[in-house]
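In mature numbering (1 follows the signal peptide of the UniProt record, and there is no 0), the protein residues as written are -19 to -1, 1 to 94.
Report on the following structure.
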């Protein structure tokens, strides 16, 4: 009976360890996105990992942070309110955990500028 418990515990340990790994993109996205001037836009960041990754967004190489009042980092994306012409550019969602990282790149085109 004790040997059975050892095998069961070993199987649980190996199964949980095998599930851990770097973040991965969980669904396909369109890398070119367009939005009309003044509208709200959401860029998706469909990533998953174990442990759950930390998400960071950049625009044209600059970190997006809480001081960017029209920008909101969401659990699975980035929301941009009242899009302005200067919001056009290259956006990157970077998901990182202790096993690695993955990027999703977007080109945002503002229509009507």
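Ideal Cβ placement from N, Cα and C applies to all residues, glycine included.
As the structure is a prediction and not an experimental result, all values here were calculated from the model.
Of all the options the options, which has the alpha carbon lying nearest to the alpha carbon of residue i?
{"i": "residue 17", "options": "45, 68, 58 and 73", "result": "68"}
{"i": "residue 33", "options": "8, 78, 27 and 56", "result": "78"}
{"i": "residue 73", "options": "15, 14, 41 and 52", "result": "41"}
{"i": "residue 80", "options": "29, 51, 52 and 11", "result": "29"}
Apart from the five residues just before and just after residue i, which ones in its own chain have a Cβ nearer than 6 angstroms to its Cβ?
{"i": "residue 1", "result": "31"}
{"i": "residue 14", "result": "87 and 89"}
{"i": "residue 58", "result": "23, 24, 25 and 26"}
{"i": "residue 84", "result": "73 and 75"}
For residue i, which residues of its own chain have a beta-carbon under 7 angstroms away from its beta-carbon, when the five flanking residues on both sides are left out?
{"i": "residue 44", "result": "37"}
With three or more C-beta pairs closer than 8 angstroms as the rule, is the stretch 20 to 40 touching the stretch 62 to 76?
Yes: the two stretches touch, three or more of their Cβ pairs being nearer than 8 angstroms.
Could I get the ranges of all uninterrupted beta strand (DSSP E) runs contained in the stretch 11 to 74, with 3 residues as the minimum, in chain order?
Qualifying beta strand (DSSP E) stretches, in chain order: 13 to 17, 22 to 25, 28 to 31, 35 to 40, 52 to 55 and 58 to 61.
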